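Student: Mind looking over this structure? Questions follow.
Numbering (this note's numbering), first residue to last: 264 to 662.
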């Protein structure tokens, strides 16, 4: 009996000592571990995404970040978006830190909703698979290939201008710019210049775009549901285009110079061809990625030139000088583009002032710290490009 009592005393003493040790160690670790970034998560599951969407729809999307920078921290704050605990990092130093930590601290990440929309594209594939596919896709976008397509772009541009712009007293610039950018993409990616086909695909793309950054609620009536259905329609149409191109090549030996034709013939580093589904998914991705970004850049270019008459005049003079050296009806070529030095400076400055892409996402691969705050493994890291630039037009750079 006495021996049993001694055993229980030893057990209690050991357990008490172990508990005290754990409490001390945990307390010490808490003192050593940097705190989480300041901020708030908002509502359970949905987080603060509804507030962000409300501000986007009212044209005040910058307010979401600006308010939190003032309230919590100028360089870093926490939030919850699209069902993920998120750390927003602002500033050039933060962006540099994340970009130089690729693969070691963070990995590329996009919302789950995009996987349903873009399927097997390099955008949503696992890292190694994405690298394999990206090499095949971007080979078509190299400068040498683009130089060969300048005349084709010029021809498409003139067709759009003559049909939608010239002769109209007043035009809705942004909607026509979006249509123009989409026509260029259809020609470049699929060699499809049928206005009816373009109009039908553009209608579906506008539905898709509205559901890109939404909560992945797949229920009839939601934007995500409509976007997934629109993506399915576009994919079916592109699969028909792929099949038509295959028939033209096999029966008539005719091959068009566009992205789809390039992807149909290109092999990856392992000697494998992309499937038709992979081709369609990647074309949808590129058409989606370039549609709003190109339109936004061109619209902001028009805005700044209208506000800066001196810059507009210099761009106009440079373009007229190039035209004066060409024969009537002669199309632009790569040499003409190289002469547009001032125009290119203006475009670069517009992209600096109003970048079409406001930010991007990464996911923490391991626990790490930044600016004195802890970022746990599995949290999403949001980079904000907007807060890396000056807010004035750099005349000395352009003049």
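Positions of the beta carbon are idealized from the N, C-alpha and C atoms, including for glycine.
Keep in mind that this is a model prediction, so the values were computed, not measured.
Just reading off the beta strand (DSSP E) that residue 296 is part of, what are its end residues?
Tutor: For the purposes of this step, residue 296 is identified with residue 33 of the chain shown, where counting begins at 1. Counting along the chain, residue 296 falls outside any beta strand (DSSP E), and DSSP gives it neither H nor E.
Student: In angstroms, rounded to a whole number, what distance separates the CA positions of residue 247 and residue 522?
Tutor: A query on residue 247 cannot be resolved here, the shown segment of the chain reaching from 264 to 662 and no further.
Student: What residues in its chain sit with their C-beta under 7 Å from that of residue 504, if we drop five residues either side in the sequence?
Tutor: Sequence index remark: in the chain shown, residue 504 carries index 241 (1-based). Answer for residue 504: 453, 455, 523, listed in chain order.
Student: Helix, strand or coil for residue 347, going by three-state DSSP, please let me know.
Tutor: Here residue 347 corresponds to residue number 84 of the chain shown, with the count starting at 1. Residue state, collapsed to three classes: strand.
Student: Can you list the beta strand (DSSP E) stretches of 3 or more residues lying completely in the stretch 477-539, in chain order?
Tutor: None, since the stretch 477-539 contains no complete beta strand (DSSP E) of that length.
Student: Have a look at residue 307 and residue 343 and give me their C-alpha separation to the nearest angstrom.
Tutor: Against the chain shown, residue 307 aligns to sequence position 44. Against the chain shown, residue 343 aligns to sequence position 80. Looking at the two C-alpha atoms, the distance is approximately 9 Å.
Student: State the beta-bridge partners of residue 369 as determined by DSSP.
Tutor: If you number the chain shown from 1, residue 369 lands on position 106. In DSSP, residue 369 forms a bridge with 365, 627.
Student: Is it true that the stretch 636-649 meets the stretch 577-593, where meeting means three or more beta-carbon pairs spaced less than 8 Å apart?
Tutor: no
Student: Measuring straight from C-alpha to C-alpha, what distance separates residue 609 and residue 311?
Tutor: Numbered from its first residue, the chain shown carries residue 609 at position 346. Numbered from its first residue, the chain shown carries residue 311 at position 48. Approximately 37 Å between the Cα atoms of the pair.
Student: With distances taken Cα to Cα, identify the nearest neighbour of residue 602 among 584, 404, 611.
Tutor: Counted from its first residue, the chain shown places residue 602 at position 339. Of 584, 404, 611, the residue nearest in Cα terms is 584.
Student: Within 6 Å: the Cβ of residue 429 and any heavy atom of the ligand FAD?
Tutor: The ligand FAD is not part of this structure, which contains no ligands at all.
Student: With a threshold of 7 Å on Cβ separation, who are the neighbours of residue 288 within its own chain once the five nearest residues in sequence on each side are excluded?
Tutor: Walking along the chain shown from the start, residue 288 turns up at place 25. The pLDDT assigned to residue 288 is 46, lower than 50, so where the model puts this residue is not dependable; a value taken from the coordinates is nonetheless given after this. Annotation for residue 288: no residue places its beta carbon closer than 7 Å to its own, counting only its chain and skipping 5 residues before and after.
Student: So the alpha helix (DSSP H) residue 586 belongs to, where does it begin and stop?
Tutor: Counting from 1 along the chain shown, the entry for residue 586 is found at position 323. Here the alpha helix (DSSP H) through residue 586 covers 572-587.
Student: So residue 340 packs on residue 300, CB below 8 Å; how close in whole Å?
Tutor: Within the chain shown, numbered from 1, the residue matching residue 340 stands at position 77. Within the chain shown, numbered from 1, the residue matching residue 300 stands at position 37. That belief holds up - the Cβ atoms of residue 340 and residue 300 are roughly 5 Å apart, short of 8 Å.
Student: Quick one: residues in its chain with C-beta nearer than 7 Å to the C-beta of residue 487, no 5 flanking neighbours on either side, listed in chain order?
Tutor: As a working note, residue 487 is residue 224 in the chain shown. Closer than 7 Å at the Cβ level, and outside the excluded window around residue 487, lie 376, 474, 477, 478, 479, 480, 481.
Student: Provide the residue(s) that pair with residue 641 in DSSP beta bridges, ordered along the chain.
Tutor: Taking the chain shown and counting its residues from 1, one reaches residue 641 at position 378. For residue 641, which the question treats as bridged, DSSP gives no partner whatsoever.
Student: Between which two residues does the alpha helix (DSSP H) carrying residue 453 extend?
Tutor: The residue given as residue 453 occupies position 190 in the chain shown. Counted as a single uninterrupted DSSP element, the alpha helix (DSSP H) harbouring residue 453 occupies residues 436-453.
Student: On the three-state DSSP scale, how would you describe residue 605?
Tutor: Working through the chain shown from its first residue, we reach residue 605 at position 342. Reduced to three states, the DSSP call for residue 605 is helix.
Student: Let me check one thing: in DSSP terms, what residues is residue 647 bridge-paired to?
Tutor: In the chain shown, residue 647 corresponds to position 384, counting from 1. Answer by DSSP bridge pairing, in chain order: 353, 622.
Student: With distances taken Cα to Cα, identify the nearest neighbour of residue 537 among 510, 399, 406.
Tutor: Sequence index remark: in the chain shown, residue 537 carries index 274 (1-based). Nearest neighbour of residue 537 by Cα position, chosen from 510, 399, 406, turns out to be 399.
Student: Using the C-alpha atoms, what's the distance from residue 442 back to residue 436?
Tutor: Within the chain shown, the letter at position 173 stands for residue 436. Within the chain shown, the letter at position 179 stands for residue 442. When rounded, the distance between both Cα atoms is 10 Å.
Student: Which same chain residues end up closer than 8 Å to residue 621 when comparing Cβ atoms and leaving out the 5 residues on each side of it in sequence?
Tutor: Start at 1 with the first residue of the chain shown, and residue 621 comes out as number 358. Once the five neighbours on either side are set aside, the close Cβ partners of residue 621 are 324, 647, 648, 649.
Student: By DSSP, does residue 433 sit in helix, in strand, or in coil?
Tutor: In the chain shown, residue 433 corresponds to position 170, counting from 1. If DSSP states are grouped into helix, strand and coil, residue 433 belongs with coil.
Student: Mind checking residue 525: buried by the 16 CB within 10 Å criterion, or exposed?
Tutor: As a working mapping, residue 525 is identified with position 262 in the chain shown. The residue is buried, with at least 16 neighbouring Cβ atoms inside 10 Å.
Student: For the alpha helix (DSSP H) that contains residue 424, what are its first and last residues?
Tutor: On the chain shown, position 161 is the one that residue 424 refers to. No alpha helix (DSSP H) contains residue 424, which DSSP labels as neither H nor E.
Student: Mapping DSSP to helix, strand and coil, what is residue 310?
Tutor: Here residue 310 refers to the residue found at position 47 of the chain shown. Strand at residue 310.
Student: With DSSP run on the structure shown, which of helix, strand or coil describes residue 341?
Tutor: Position 78 of the chain shown, counting from 1, holds the residue named residue 341. In the structure shown, residue 341 sits in a strand (DSSP, three-state: E or B).
Student: Which first and last residues belong to the alpha helix (DSSP H) in which residue 334 is found?
Tutor: Your numbering for residue 334 matches position 71 in the chain shown. First-last of the alpha helix (DSSP H) with residue 334: 324-334.
Student: Could you pull the start and end residues of the alpha helix (DSSP H) that residue 407 belongs to?
Tutor: Position 144 of the chain shown, counted from the start, is the residue given in the question as residue 407. Run containing residue 407: 406-411, per the alpha helix (DSSP H) assignment.
Student: In terms of residues, what are the limits of the alpha helix (DSSP H) holding residue 467?
Tutor: Reading the chain shown from its first residue, position 204 is the one you call residue 467. Following the DSSP letters along the chain, one finds residue 467 inside the alpha helix (DSSP H) bounded by residues 458-473.
Student: For a quick check, are the C-beta atoms of residue 327 and residue 315 less than 7 Å apart?
Tutor: By one-based count along the chain shown, residue 327 stands at place 64. By one-based count along the chain shown, residue 315 stands at place 52. The answer is yes: Cβ separation under 7 Å.
Student: Under 8 Å by Cβ, that's how I've got residue 532 and residue 395 pegged, so tell me the actual separation to the nearest angstrom.
Tutor: For this step, residue 532 is matched to residue 269 along the chain shown. For this step, residue 395 is matched to residue 132 along the chain shown. Yes, they are in contact, since the Cβ atoms of residue 532 and residue 395 sit about 7 Å apart, within 8 Å.
Student: Please state whether DSSP places residue 403 in a helix, a strand or coil.
Tutor: In the chain shown, counting from the first residue as 1, residue 403 sits at position 140. Note: residue 403 maps to helix in three-state DSSP.
Student: What is the DSSP secondary structure of residue 360, reduced to helix, strand or coil?
Tutor: Translated into the one-based positions of the chain shown, residue 360 becomes position 97. In the structure shown, residue 360 sits in a helix (DSSP, three-state: H, G or I).
Student: Along the alpha helix (DSSP H) that carries residue 375, what are the first and last residues, could you check?
Tutor: Mapped onto the chain shown, residue 375 falls at position 112. Residues 375-381.
Student: Beta-carbon separation of residue 445 and residue 471 under 7 Å?
Tutor: Your numbering for residue 445 matches position 182 in the chain shown. Your numbering for residue 471 matches position 208 in the chain shown. Not closer than 7 Å, so no.
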